[in-house]
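The block underneath contains the structure these notes are about, expressed in structure tokens.
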Amino acid sequence: MSVAGLIFSNIHDSAIPELTTVRTMASVPFGCRYRLIDFPLSNMVNSGITKIGIVAHDNYQSLMDHIGTGKDWDLARRSGGIKILPPFITAYEGTSGSKLYTTRLEALMGVTNFIDRCNEEYLVLSDCDGICNIDLSEVIDAHIANNADLTVVTRMLNPEEADLKDMTSITADENNVITDASAYIKGISSNEVSTNIVVVNRMFLLGALRDAAAHGYKHFFKDIVARRIGRARLYRYMYEKTYIHIGSLESYFASSMKLLDPEVRGGLFEVENMPIYTKLRNSAPTRYAADAKVVNSYVADGCIIEGTVENCILFRGVRIGKGTVVKNCVLLQDTFTGNNVTLNCVITDKNAVICDGRMLSGHSTMPFFIPKGAMV
Amino acid sequence: MFRKKECVAMLLAGGQGSRLYALTEKNAKPAVPFGGKYRIIDFTLSNCVNSGIDTVGVLTQYQPLMLNEYIGNGLPWDLDRAYGGVKILPPYQGKNGADWYKGTANAIYQNLQFIARYNPEYVLILSGDHIYKMDYDKMLDYHKKTGADCTIAVIDVPIEEASRFGIMSVDEEGRIFKFSEKPKNPDSTKASMGIYIFSTDCLFKYLTEDAENPDSSNDFGKNIIPNMLAAGEKMMAYPFSGYWKDVGTISSLWEANMDLLGDIPSLNLNDEEWRIYARHEAHAPQFVGAGAVVENCSITEGSEIYGTVVNSVVGAGVKIKSGAVVCNSVILEDVVIESGAEVRYAIVDSGTTIGKNCKIGEACGADKLEICVVGADISVPENTVIKAGAMISKATDIAKEGN
Chain A
1 MSVAGLIFSN
11 IHDSAIPELT
21 TVRTMASVPF
31 GCRYRLIDFP
41 LSNMVNSGIT
51 KIGIVAHDNY
61 QSLMDHIGTG
71 KDWDLARRSG
81 GIKILPPFIT
91 AYEGTSGSKL
101 YTTRLEALMG
111 VTNFIDRCNE
121 EYLVLSDCDG
131 ICNIDLSEVI
141 DAHIANNADL
151 TVVTRMLNPE
161 EADLKDMTSI
171 TADENNVITD
181 ASAYIKGISS
191 NEVSTNIVVV
201 NRMFLLGALR
211 DAAAHGYKHF
221 FKDIVARRIG
231 RARLYRYMYE
241 KTYIHIGSLE
251 SYFASSMKLL
261 DPEVRGGLFE
271 VENMPIYTKL
281 RNSAPTRYAA
291 DAKVVNSYVA
301 DGCIIEGTVE
311 NCILFRGVRI
321 GKGTVVKNCV
331 LLQDTFTGNN
341 VTLNCVITDK
351 NAVICDGRML
361 SGHSTMPFFI
371 PKGAMV
Chain B
1 MFRKKECVAM
11 LLAGGQGSRL
21 YALTEKNAKP
31 AVPFGGKYRI
41 IDFTLSNCVN
51 SGIDTVGVLT
61 QYQPLMLNEY
71 IGNGLPWDLD
81 RAYGGVKILP
91 PYQGKNGADW
101 YKGTANAIYQ
111 NLQFIARYNP
121 EYVLILSGDH
131 IYKMDYDKML
141 DYHKKTGADC
151 TIAVIDVPIE
161 EASRFGIMSV
171 DEEGRIFKFS
181 EKPKNPDSTK
191 ASMGIYIFST
201 DCLFKYLTED
211 AENPDSSNDF
221 GKNIIPNMLA
231 AGEKMMAYPF
241 SGYWKDVGTI
251 SSLWEANMDL
261 LGDIPSLNLN
271 DEEWRIYARH
281 EAHAPQFVGA
291 GAVVENCSIT
301 EGSEIYGTVV
311 NSVVGAGVKI
321 KSGAVVCNSV
331 ILEDVVIESG
341 AEVRYAIVDS
351 GTTIGKNCKI
361 GEACGADKLE
371 ICVVGADISV
381 PENTVIKAGA
391 MISKATDIAK
401 EGN
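Heads up: the protein sequence lines correspond to chains A and B, in order. For what it's worth, the numbering used here labels the leading residue of the first sequence as 1, then goes sequentially. For what it's worth, the numbering used here labels the leading residue of the second sequence as 1, then goes sequentially.
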């Protein structure tokens, strides 16, 4: 079994503009110490995939900084390892009317060279908006057993709590053969949607990409998947374990809070032999002062906590001052809160500073957002 | 092809550390965990790399498995270099037989070849059993400025403790005129920190002479330094002030861990200017549960706290269940403390489980510290009582020491 990976770092940038104006979706921080790309990257590494291309679009400095040589994922390799694939602008200039790709299919066309040069038989494609700890080797095994050309990993969504933006609804028969792929419309479509994790035969994909280029197609699911139903061997693999989807700032907040549930944490971080890797920062352990009161919170290293913290997600290097009370908040890396601050339902981006005595509150359905480096 | 280095560091890491009892049962002292996510040797290695010294030979001998594994290729300390970097130097078999390292000086003597390959002007001798942050580059500047043959770092200690150390008597310029190892009646408070810089030629000369003397105990403190003094070499004392702790005993190791706590910890690891690096595993963040009480603690990744933890240092992957109480203790990685258990004034080594309603250690005062130690990978049965100061290295010790 030889498999290479391809991760789309930007596809869902428009979903959380608050967090992606300064970074790619892939480098959105999540879960105290991770970035969203850590999940697909770790899943691939844990499943034995060690040649991984990351398709970058724009704004990818933070991504490059995070990935470095790839050594934190054990991907600093002589052969294979991580390759960041920056946009190759002229390749499709004119055909799409815009200089950079706008769809997954255009992104794939821009990295045809990478796909062409791989000698692996299979490719795993993944986005960065889904958070899970999935054993991809099981998906690949199913793909091979079905003698499939393409296998889409799907899951059932709960329409009440899901972000429905850009979702692709998938229907399949009892043999897991895909019978339809369409844009999700609440109430009409089936609640089974694509996770945008796809296993595909490399030669099949190359052929499909050439065909798409010839026809001027733009959409992966509409033009590559849906047009081939009945003509190619298209399968779905239903994933039923812990899966979190991020589609907006509200769902980012709600998803972060789900980490306070031990079952969700277990499903993401305590899967045997499948840790989630991230860039190391060499933070000191977190220091809880004598007056600290911390309950039901998920905390990274490098924090200094002198106040009260309840139901919070604290990233690395967060400072909670004396007399400060922080409840239901997601405080990103190096957020500084002074003394006697009160925060409720607030998301702060990196390096935000909340001065002494400030009181800020949002609501769980509309968290208050403080941008990167802002001072309140 | 070996590039010339100005200064090569040799780190003595072969000691058994017998006064750490259970903690060094299967582990060399430099690899003993410290402060939740570090090992003792991280301080010396980080000091080296922060001081611009990128070539470090680590001399190993006693129980080297964990130490070798931990150092690996030196990547966590940025010591995986094309030229230099960190190299493990175990005892080896030569043409004329094989020798263990007989003493600190002999260990270096057996590796003079390693030093010579880099053709350095200076050699820095370090030991892997102290917790401190020090810029060796400043000490090297001092060595060069004073034109010394050997420079020894010294720290002022209280006179009543001076007899535990190697004590230097120095003149007003800092030149050493007398050295006494653990003197009964110390006449100075300047204690050797076990950190030496030698000009290479001088080191090679004295080590070779020492090796030819069958009566020598091949030790820096007992032989090399006194011989150099007697021969009138220029030996300078480099004064260091700041945090420094020899963690050779259970109580000093416990104290050094406690120094990480408090509003202004006397040992600050959150120091952007002087990072201490360590090898990390991929752990999830730490979780503090709804009923938890956490006061004056240092806690690290992968831990889950549901009980009460006060004045303690907690390592990675530790689970403290609801209703458990941990006070004034050091809990190493992957320890599980079941509900109802109480751990006071104790060091619990990696992978051990403290059963329900156990009582480990007892509260004691600063004047009479009695730290209880429970070794690695032991399953302490429910309702066990282990008294203050007890040493448990294996499960069968519990019956003897406990109750």
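Built from N, CA and C at the ideal position, the CB exists for glycine as well.
When the beta-carbon positions are compared, B/Ser-312 and B/Ser-298 come within less than 9 Å of each other. Note on geometry: alpha-carbon atoms of A/Met-44 and A/Val-139 lie some 11 Å from one another.
For B/Pro-239, the enclosing beta strand (DSSP E) starts and ends at 235-239. Sorting A/Lys-279, A/Lys-218, A/Glu-263 by C-alpha distance to the C-alpha of A/Met-64 places A/Lys-279 at the top. In the three-state DSSP reduction, A/His-245 falls in the strand class (E or B).
Among the residues facing chain B, A/Leu-268 is included, as its CB has a counterpart in that chain under 9 Å away.
Against chain A, the CB of B/Tyr-345 has no partner CB under 9 Å away; the residue lies outside that interface. Here B/Phe-2 is exposed: its Cβ has fewer than 16 other Cβ atoms, across all protein chains shown, within 10 Å. Looking at the DSSP output, A/Asp-180 shares a beta bridge with A/Thr-171. Within chain A, the residues whose beta carbon sits less than 7 Å from that of B/Asp-263 are Ala-289, listed in sequence order. For the stretch 270-287 of chain B, the beta-carbon criterion of a distance under 9 Å to any beta-carbon of chain A is satisfied by Asn-270, Asp-271, Arg-275, Ile-276, Tyr-277, Ala-278, His-280, Glu-281, Ala-282, His-283, Ala-284, Pro-285, Gln-286, Phe-287.
Within 8 Å of the CB of A/Lys-71, the CB atoms of chain B belong to Leu-75, in sequence order along the chain.
Along the stretch 17-47 of chain B, the positions whose C-beta sits under 8 Å from a C-beta of chain A are Gly-35, Gly-36, Lys-37, read in chain order. Rounded to whole angstroms, the gap between the alpha carbons of A/Tyr-243 and A/Leu-332 is 22 Å. Straight through space, the alpha carbons of A/Thr-102 and A/Gly-187 are spaced by roughly 28 Å.
The Cβ atoms of A/Leu-85 and A/Ala-212 lie no closer than 9 Å to each other. One Cα belongs to B/Lys-144, the other to B/Ile-195, and the distance between them is close to 16 Å. For the stretch 258-292 of chain A, the full-length alpha helix (DSSP H) segments reaching 4 residues or more read 262-269 along the chain.
One alpha carbon belongs to B/Pro-76, the other to B/Gly-85, and they sit about 11 Å apart. DSSP places B/Lys-205 in no beta strand (DSSP E) but in the uninterrupted alpha helix (DSSP H) bounded by 200-212.
At least one CB atom of chain B sits nearer than 9 Å to the CB of A/Glu-306.
Close to B/Glu-338, with beta-carbon spacing below 8 Å, lies no residue of chain A; the smallest spacing is near 17 Å. Look at A/Ser-297: its C-beta is under 9 Å from a C-beta on chain B.
By the CB criterion at 9 Å, A/Lys-241 and A/Cys-132 fall inside the cutoff.
Nearest CB-CB separation between A/Val-326 and chain B: not below the 9 Å threshold. Between B/Thr-300 and chain A, the shortest Cβ-Cβ separation is below 9 Å. For A/Ser-14, no Cβ of chain B is located within less than 9 Å of the residue's own Cβ. DSSP, read as helix, strand or coil, puts B/Ser-298 in strand.
Taking one beta carbon from each stretch, the stretch 208-221 of chain B and the stretch 129-144 of chain B have fewer than 3 pairs nearer than 8 Å; the two do not touch. DSSP, read as helix, strand or coil, puts B/Trp-274 in coil. By the rule that beta-carbons nearer than 9 Å mark a contact, B/Cys-327 does not touch chain A. Contact note: B/Glu-295 reaches chain A through Tyr-288, Ala-289, Ala-290, Asp-291, Ala-292, Lys-293, using a C-beta cutoff of 9 Å and chain order. A Cβ of chain B is located within less than 9 Å of the beta carbon of A/Asp-301. Residues of the stretch 306-326 of chain B with a C-beta atom less than 7 Å from some C-beta of chain A do not occur. Among the residues facing chain A, B/Gly-289 is included, as its CB has a counterpart in that chain under 9 Å away. By the beta-carbon neighbour count (other beta carbons within 10 angstroms, threshold 16), A/Thr-69 is exposed.
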